[in-house]
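Using my numbering, you'd call the opening residue of the sequence shown number 47 and step up by one each time.
Here is the structure we will look at.
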Amino acid sequence: MVSVTLLGTAQDGGVPQVGCECCSNLTQRYPVSLGLTDADGGKHLFEATRHLGEQLRLWGCTEVDSVFLTHAHIGHVDGLGLFGKETMAAKGVNLYCSKSMVELIERTPHWSNLLSEGVFIPRVASLYQLPGVTVEAIEVPHRAELSDMHAYLIKAEKTLLFLPDHDTWQETLRGHDLRAWLNHFEVDIALIDGTFYSSDELKHRDQSEVPHPPVEQTLQMIGERREGDGEIVFIHLNHTNPLCRDETPVTELGWKVGKEGMSFNLS
Ligand SMILES: [Zn+2]
Ligand SMILES: [Zn+2]
Ligand SMILES: [Zn+2]
C-alpha cells in the first residue's frame, strides 16, 4: 500500500515561532514535511526540517531511503545536517531535488560534506519511479533567492499534490482556472500553500517580501467543494494565520486544514 503521512503543517518558522507571544496558546506545528511509504515499504521523506527527530517518531520510522526537497528556504532544509555523522550517520540516502538545489548544496560547506561523505546521493530528474508510485516535479514560481522551487505530484492509484510554497496563483496557474488545473493533473488530494489567511496579516512587516496566495483568495477561487472534487488541505500555516485557532472558514466549504499525523492512502 502506498500512503502519505503529514509530518509538519507549519510555515518554515514552525509554531510556536521563535520569540512570539501570539503563539503561547497555539498547538505546536512542525515545519512542513511529508512521509511517503512506497508499495515495498520504502520510506521517502519530503523536506528535511530541524524537527526531524519528532517527525520520524510521529511517522513510526527510524531511517529513510530518500529525501525529496522542494526548495532551499530554511524550514525545508535546515534538518539536512541531521543525516550526517554527528547525528544519524546515514549513508547512501537518495536526494531527489533540482539541479539548482544540488548546486547550492555543493557550494555550502556544511552540506557539501554530506555529499563527499556519501550521506546523500543526489539524483536530479523531473520524474522519479519508486515501487508502486511515481513522483513528478513541477516547477512553480517562488522567490528564487537560493534555488528554484518544485511542487511534487505523487501518483499511485490516487494522485496527491504537494505545493507548500508559491508566490501567486496568477503565476502558478498561468491563466488557468484552479479547479481545471487540479483536474488537469488528476489531483485527488491537494496539500496546498495556506501560509497566510489574508493579505494584511503581517502587521509589522511588508507582506510583499514574502508573497503567498492568501487562503481567502484560494477559497474565493475554488468556492464550495462539489460532487467529484478531490480534497484540498491547507498546509504551511504561518503562526499568524487565524486557521491555527479556528478552521471554520475552510471546513464550512468542505475543505480541510492540515494536522500532523493525517494520512492519505494512495493505493
Ligand atoms: Zn516554506
Ligand atoms: Zn505567534
Ligand atoms: Zn519558501
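All C-beta atoms in this analysis are idealised placements derived from N, C-alpha and C, irrespective of residue type, glycine included.
| Buried or exposed: M147, going by 16 or more other Cβ atoms within 10 Å of its Cβ? | buried
Any heavy atom of ligand 3 closer than 7 angstroms to the CB of D223?
no
Open item on the list: Pop quiz: E100 and Y76 are said to be a contact at Cβ under 8 angstroms. What is the actual Cβ separation, rounded to whole angstroms?
Closed with: 6 angstroms
Going by beta-carbon coordinates alone, are K137 and G164 separated by less than 8 angstroms? yes
Practice item. Measure from the alpha carbon of L128 to the alpha carbon of each residue in L102, C143 and L150, then state which is nearest. Key: L102
Within the region 71-159, ranges of the beta strand (DSSP E) (whole runs, at least 3 residues) = 79-83, 89-92, 112-114 and 139-142
- Message: When you measure from the CB of P77 to every non-hydrogen atom of ligand 2, does any distance come out below 7 angstroms?
- Response: no
- If we ignore side chains and look at the alpha-carbon of each, how far apart do E67 and S193 end up? 32 angstroms
**Item:** Separation of Q263 from S245, as counted between CA atoms
**Value:** 9 angstroms
Which residues does DSSP pair with L206 in a beta bridge? I200 and I235
**Asked** Measuring CA to CA, which of G307, R291, S158 and I184 is closest to L72?
**Response** R291
Practice problem: Have a look at H222, L199 and T133 and flag the residue whose alpha-carbon is nearest the alpha-carbon of V233. | Solution: L199
Next on the checklist: By the three-class DSSP mapping on this structure, what secondary structure does V256 have?
Outcome noted: coil
Does chain D have any CB closer than 8 angstroms to the CB of Q266? In the structure shown, chain D does not exist; there is a single protein chain.
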